[in-house]
Amino acid sequence: MLIDINNCYVSFERVFNPRLNGLPVVVASNNDGCVVARSNEAKALGIRMGVPIFQIQEIIRKHKVQVYSSNYELYADMSARVMQVISSIVPEVEQYSIDEAFVDLKTYPDEMVPPLARRLKETLAQWIGVPVSIGVASTKTLAKVANRLAKKGPGIKILSDLEALAILEKYPVEDLWGIGHRITGRLNTMGITYAGQLLRMPPAWIRKDFNVNILRLVTELKGSPCISLELEAAKRKGIGSAKSFGKPLSVLSQIQEAASNYVAACASKLRTQKERATILNVFIQTNYFSASSPQYSNSIQVCLPVASNLDAVLIREVNAALRKIFRPGYAYKRVGVLLTGFVPESQVNLNLFCTPETAAATSAQTVMDKLNERMGRGTVRSAAQGFKKEWKMIQRKVSPRYTTQLSELIRVKV
DNA sequence: TCTGGGGTCCTAGGACCC
DNA sequence: TCTGGGGTCCTAGGACCC
């Protein structure tokens with residue numbers, strides 16, 4: 463079973479702002495750049511996923527489209543609530559993304575499945591206030607197909623393998639889970655436009671001319687599971703952060719301030735998975751959309767002398783790396799950091815030529831983490847993370863963090 | 001004027017080993 | 001005229017996902 467929140471971010475906004483119901487609503491990406499979520503009314507106006515906001519200003523004005531900045535603190539918390547409700551009803555749940563969960567129904571008899579699906583849908587509507595679509599089939603890939611059918615119809619679709627065969631005859635290949643625009647292009651030039659056609663191609667040919675993922679996909683479409691349920695969240699193999707600035711920056715120290723904040727956020731995530739990084743990548747770039755201004759981008763990889771997950775250590779390394787790749791005279795648009803080469807916290811190789819991390823440094827970090835957990839993110843932080851925040855992103859219309867900040871609780875007039 | 005962010009996996013090719 | 005066979009590991013680039 464695949465449970466998917468309809469128009470996820472828009473639905474979360476509507477929970478706290480019901481007057482948005484029935485209106486065209488879109489949620490924008492960072493810096494209010496592109497459309498990342500659309501209500502059905504917005505979709506009906508022809509607003510495409512990912513389109514830059516400035517290109518649809520006309521439509522927005524004419525149809526009074528409600529544009530919201532993305533509020534990930536709110537969305538992450540709402541998503542966690544949805545997942546919690548699902549887990550309270552069914553035991554085997556894989557959270558696949560912020561708005562999707564796969565559920566294992568192996569232990570449920572067939573006749574139990576429709577009432578279970580209805581119960582999940584109704585409970586999420588009543589307890590959280592969000593609409594979901596539910597698709598059920600014999601493999602993950604077919605559940606994705608079923609979910610898509612559910613979205614167009616009554617909200618729940620239980621798809622048998624037999625019915626799937628018929629449906630796939632007129633199911634465009636680009637709508638399949640795992641087929642993107644590049645593979646679609648290649649398939650289309652071969653005359654393959656529907657999933658049913660792909661299904662009839664010889665497996666050996668698919669393996670040879672494409673790759674093992676496409677072969678798995680086709681096998682799943684035939685009803686044989688190849689992709690299993692991942693009940694335990696895997697540890698990240700890389701943790702990165704890269705964001706566009708609200709405005710172009712030319713001063714090294716301002717870029718360093720941004721990068722210090724990004725790497726501190728990465729380090730915090732790394733600590734929660736109890737690992738340390740041995741490799742740090744840093745990159746900067748100018749605005750590649752701006753054809754008229756001089757372009758420059760560069761990146762650097764640093765192998766840390768001793769693996770670390772401490773803000774202070776990583777901020778120092780990031781700033782040193784930036785000094786090496788920064789060139790004056792450019793208007794920079796983006797900086798990014800990436801931590802990789804993780805080792806368990808308890809298995810750090812020391813280095814003959816370096817002083818190992820002191821116990822004091824580690825416990826200082828622990829105290830900071832505890833304070834921040836209790837008092838809110840960023841309560842205690844490195845001075846390098848700055849105060850001016852010249853780099854901060856544009857959020858013209860961001861809704862309150864209703865569920866995670868006491869000062870932003872919803873007000874109700876009785 | 002204005003164009004997102006954070007991930008995973010696979011493959012080909014290069015470099016190396018005995 | 002003729003120049004082996006069987007591997008591993010790493011990386012960049014490509015493709016995909018939400």
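Residue numbers (this note's numbering): 463 to 876.
For glycine and all other residues, C-beta sits at the position ideal for the given N, C-alpha and C.
Note that this is a predicted model, so its numbers are computed, not measured.
Cutoff 6 Å; reference residue i; Cβ partners in own chain excluding five residues on either side
| i | result |
| --- | --- |
| K619 | G597, A608, L611 and A612 |
| N771 | A729, L732, R733 and R738 |
| G848 | E719 |
| N502 | none |
| I856 | N493, D494 and G708 |
| K736 | E807 |
| E562 | D466 |
| A727 | S703 |
| W589 | V547 |
Pairwise C-alpha distance: residue j and residue i
| i | j | result |
| --- | --- | --- |
| G512 | L677 | 29 Å |
| A846 | V797 | 16 Å |
| G591 | V547 | 12 Å |
| L801 | N723 | 14 Å |
| A704 | I762 | 14 Å |
| I521 | I560 | 29 Å |
| K875 | S686 | 55 Å |
| N760 | F788 | 8 Å |
| N469 | A542 | 16 Å |
| L482 | V489 | 12 Å |
| K526 | P486 | 8 Å |
| I746 | L814 | 32 Å |
| Y750 | Q757 | 7 Å |
| M438 | V498 | With the chain running from 463 to 876 in the structure shown, residue 438 is simply not present. |
| R523 | I465 | 34 Å |
| A783 | P553 | 46 Å |
| L868 | Q528 | 26 Å |
| M663 | Y570 | 34 Å |
| F478 | I872 | 7 Å |
| G484 | E692 | 37 Å |
| W418 | S473 | Nothing about residue 418 can be reported from this structure: the residues present for the chain run from 463 to 876 only. |
| I645 | W667 | 15 Å |
| Y471 | S861 | 11 Å |
| R500 | A821 | 49 Å |
| R836 | V829 | 11 Å |
| K568 | A599 | 11 Å |
| G617 | A504 | 19 Å |
| R648 | L679 | 16 Å |
| I467 | R839 | 27 Å |
| S549 | G702 | 29 Å |
| H643 | A823 | 48 Å |
| I626 | M463 | The sequence given here has Ala at residue 626, not Ile. If I take the Cα positions, the gap works out to 15 Å. |
Whether residue i touches residue j by CB criterion (9 Å)
| i | j | result |
| --- | --- | --- |
| V805 | T740 | yes |
| I641 | V635 | yes |
| L776 | V810 | no |
| L742 | V768 | no |
| Q827 | A774 | yes |
| V594 | A587 | yes |
| E573 | F564 | no |
| S531 | R858 | yes |
| D539 | T817 | no |
| G665 | L714 | The residue you asked about is not Gly; residue 665 is Pro in the sequence shown. Result no, Cβ atoms of P665 and L714 do not sit closer than 9 Å. |
| P514 | C496 | yes |
| K670 | D623 | no |
| S706 | K795 | yes |
| A721 | S755 | no |
Own chain, CB closer than 7 Å to residue i, minus 5 neighbours either side, in chain order
| i | result |
| --- | --- |
| E852 | L711 and Q716 |
| R863 | N533, E535, L536 and E870 |
| I551 | R581, L582 and T585 |
| G803 | A739, T740 and I741 |
| C765 | T740 and I741 |
| I654 | V635 and L660 |
| D637 | R610 |
Beta-carbon proximity list for residue i, same chain, < 8 Å, skipping 5 on both sides
| i | result |
| --- | --- |
| D831 | S730 and R733 |
| K632 | Y656 and G658 |
| G508 | I521 |
| E682 | T601, K602, T603, L604, C688 and I689 |
| N675 | G640 |
Open item on the list: My parser needs the alpha helix (DSSP H) runs of 4 or more residues fully inside the segment 784-848; what are they?
Closed with: If one requires a minimum length of 4 residues, the alpha helix (DSSP H) runs lying completely within the segment 784-848 are 821-837, in chain order.
Problem set entry | Three-pair Cβ contact test at 8 Å for the segment 568-584 versus the segment 654-662 | Cβ pair count under 8 Å is below three, so no.
Review point. Counting Cβ pairs closer than 8 Å, one from the segment 833-848 and one from the segment 689-697, do we hit at least three?
Key: In short, these stretches do not touch, since the Cβ pair count stays below three.
Kindly provide the ranges of any alpha helix (DSSP H) runs that are 4 or more residues long and lie completely inside the segment 615-643, ordered along the chain. Counting only runs of 4 or more residues that sit fully inside the segment 615-643, the alpha helix (DSSP H) segments are 623-630, in chain order.
3 or more residues per run - each beta strand (DSSP E) lying fully within the segment 544-572
Those beta strand (DSSP E) runs which fall completely within the segment 544-572 and span 3+ residues are 555-559 and 562-565.
**Item:** Completely contained alpha helix (DSSP H) runs for the segment 666-712, where each covers 4 or more residues
**Value:** Inside the segment 666-712, DSSP marks whole alpha helix (DSSP H) runs of 4 or more residues at positions 674-683, from first to last along the chain.
### Message
To test your reading of the DSSP string, which unbroken beta strand (DSSP E) runs of 3 or more residues are found completely within the segment 746-783?
### Response
Unbroken beta strand (DSSP E) stretches of 3 residues or longer found wholly inside the segment 746-783: 759-770, given in chain order.
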